[in-house]
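Structure first, commentary second.
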């Protein structure tokens, strides 16, 4: 975990998103590592692109990893940036919340309006 803390502390948003995505692609189910990655993602979410957000939420859903602070903050990001999301990014975001069975009516309403 110390290595993760050191690595993650130096990551740019794109690198952090890629690290979480890679965990999902490789099916790395290490809750302490995922927790740390998601903690930093929450802190840096303002610097994420819409694709970074969609990839991150897709990854945590793929791993069935429910990181409450991240799951609560992403809808605020979506609301502020919905017009910048591609249809695929919005679909992936909605899929992720449905997969996690996490209530996210705000995101679904935003998507329906777009």
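In this note's numbering, the protein residues as written are 343 to 456. By construction, the Cβ of each residue, glycine as well, lies at the ideal position given by its N, Cα and C atoms.
Thinking just about the alpha-carbon of each residue, which of the options is nearest to the one in residue i?
i           : options            : result
residue 383 : 359, 441, 437, 427 : 359
residue 364 : 429, 405, 387      : 405
residue 355 : 381, 371, 428      : 381
residue 460 : 393, 374, 370      : Residue 460 lies beyond the residue range present for the chain, which begins at 343 and ends at 456; the question has no answer from this structure.
residue 422 : 400, 442, 389, 411 : 389
residue 415 : 434, 446, 377, 429 : 446
Going by the beta-carbon positions, is the gap between residue i and residue j smaller than 9 Å?
i           : j           : result
residue 448 : residue 420 : yes
residue 399 : residue 435 : yes
Looking at the structure shown, is residue i part of a helix, part of a strand, or coil, going by DSSP?
i           : result
residue 399 : helix
residue 359 : helix
residue 371 : coil
residue 436 : helix
residue 427 : coil
residue 404 : helix
residue 442 : coil
Throw me the rounded Cβ distance for the residue i and residue j pair, which I believe falls under 8 Å.
i           : j           : result
residue 396 : residue 426 : Rounded, the Cβ-Cβ distance is 11 Å, inconsistent with contact.
residue 444 : residue 408 : 7 Å
residue 403 : residue 442 : 5 Å
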